[in-house]
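To keep things clear, I will list the structure first and then write my remarks on it.
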Amino acid sequence: MPGTSRTYTFLGPAGTFTEAALLQVPDALQAVRIPASNVNAALGEVRDGAADAAMVPIENSVEGGVTATLDAIAAGQELRIIREVLVPISFVLVARPGVRVEDVRRVSTHGHAWAQCRLWMDQNMPHAEYVPGSSTAAAALGLLEEDCHYDAAICAPLVASTHEGLSVLAEDIGDNPAAVTRFILVSRPAALPPRTGADKTTVVVPLPEDRPGALMEILDQFASRGVNLSRIESRPTGQYLGHYFFSIDADGHAGEARVADALAGLHRISPGTRFLGSYARADKQETPVPAHTSDAAFAAAQSWVESILAAESFAGESGSGASPTA
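According to our numbering, the stretch in the sequence shown is residues 80 to 405, in order.
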């Protein structure tokens, strides 16, 4: 119904970097926002129809791909990526009031946050033990619980500033001040977002056969059509040891002839290929397209082949009516 508020879910609780990414979506402030305890739960809300879309992290400039997301969207009911968002990342170390840095023995946070603060921790708190948390915000809010089994948490500055009972022990503890995390907005399959000239296409390609040259055959589908890859990661399918799929980001949109032709080539050699969407790049960086891989070049080549086939057909028809010679 027109005017009905949309429902979004995100990796929660409130105050995560994922919620900050979601708030960059134009209608998110007016939408119903539901925090989820993990990526699978967030995507499950979309698959079940309880939410229109989910915002989840997929890649970090320091640590690489978020495996929980890569695995969750590669299996189960198909989903589509409809938007990506980039969020600069900074971290603070928080604890209950009265706790000093020298008192801290155990620190909780999300695994990617820990990886991005590892050098700072080694230099300033080398004896601190890492306690995995489902998110940075969840780790920080856990400190407010009576039975908390750790002493401090690494989280976003926003969490510390909006929750009483959290004291900041150290600021800007990230090892890379330019760190950025990429988030994706995922919905059920629908019409593709329009081409912008600065687009990205994501696919999951199972390795059809473990043999020499199998990966090269997959990569050739892109290279031979002038399609650049901005990310490729291998992940185990979980079926058996040595069985993998590849999660791939390609520059371009499925509406472009060169990308569509590459997708067709992938499907021919790996019929289990899963298309996860074509969507606008968050950085708006346009993709240069060589003249010989442009839509016009593909159309001209197709017309040329059709003209050959049409001429052959005409010649065959003409020949069939000729009088036999003595």
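For every residue, glycine included, the Cβ atom is placed at its ideal position computed from N, Cα and C.
Sub-8 Å separation of residue i and residue j beta-carbons
| i | j | result |
| --- | --- | --- |
| I387 | T260 | no |
| K279 | Y229 | no |
| A153 | S326 | yes |
| R304 | E163 | no |
| F324 | M134 | no |
| T86 | D127 | no |
| V171 | V247 | yes |
| V306 | T352 | no |
| V366 | D330 | For the record, residue 366 in the displayed sequence is Thr; it is not Val. In this structure, D330 lies closer than 8 Å to T366 by Cβ. |
| L345 | V284 | yes |
| V173 | L223 | no |
| L165 | D362 | yes |
Assigned exposure category for residue i - 16 Cβ within 10 Å defines buried
| i | result |
| --- | --- |
| G255 | According to the sequence provided, residue 255 is Asn. The question's Gly does not apply to it. Exposed, because fewer than 16 other Cβ atoms sit within 10 Å of the Cβ of N255. |
| R112 | buried |
| W383 | exposed |
| Q156 | exposed |
| N139 | buried |
| D150 | buried |
| L90 | buried |
| H191 | buried |
| E335 | buried |
| Q389 | Here residue 389 turns out to be Ala, not Gln, going by the sequence shown. Flag for A389 reads exposed. |
| A107 | buried |
| D328 | buried |
| A121 | buried |
| G317 | exposed |
| G356 | buried |
Contacting residues, own chain, Cβ-Cβ under 8 Å from residue i (five flanking each side not counted)
| i | result |
| --- | --- |
| I348 | P287, E296, I297, Q300 |
| M80 | At M80 the pLDDT is 41, less than 50, meaning the model places this residue with poor confidence and gives no usable figure here. |
| A405 | No answer about A405 holds up, because its pLDDT of 45 lies below 50 and its placement is not dependable. |
| P268 | E157, L158, R159 |
| P92 | P114, S214, A216, A217, L220 |
| A293 | L286, P287 |
| N117 | L90, A147, S213 |
| V125 | T88, D131, A132, A133, L158, V265, S266, R267 |
| V302 | The sequence shown places Ala at residue 302, not Val. Result list for A302: empty, nothing under 8 Å. |
| C227 | G221 |
| A370 | A376 |
| A333 | L271, T280, A339, L342, F354, S357 |
Anticipated Cβ contact below 8 Å, residue i with residue j, distance rounded
| i | j | result |
| --- | --- | --- |
| T215 | H189 | 5 Å |
| F377 | R337 | 7 Å |
| G253 | Q195 | 5 Å |
| P273 | I161 | About 11 Å separates the two Cβ atoms, so there is no contact after all. |
| V141 | A270 | So it is not a contact: roughly 35 Å between Cβ atoms. |
7 Å CB neighbourhood of residue i in its chain, flanking five on each side removed
| i | result |
| --- | --- |
| A110 | S84, R85, T86, Y87 |
| G94 | A216, A235, L237, V238, T241 |
| D251 | S169 |
6 Å CB neighbourhood of residue i in its chain, flanking five on each side removed
| i | result |
| --- | --- |
| E312 | G144, S326 |
| L158 | I152, V265 |
| I137 | V145, T148, R261, I263 |
| S187 | V210, G212, A218, Y229, A232 |
| R184 | D230 |
| D340 | R304 |
| W193 | Y209 |
| F354 | V282 |
| P350 | none |
| P176 | S246 |
| Q103 | V164 |
Short CB-CB distance (under 8 Å) between residue i and chain B
| i | result |
| --- | --- |
| L294 | Among the chains of the structure shown, chain B does not appear; only one protein chain is present. |
Check whether the segment 206-220 and the segment 270-278 are in contact - that is, three or more C-beta pairs closer than 8 Å. no
Contact between the segment 91-108 and the segment 224-238: three or more CB pairs below 8 Å? yes
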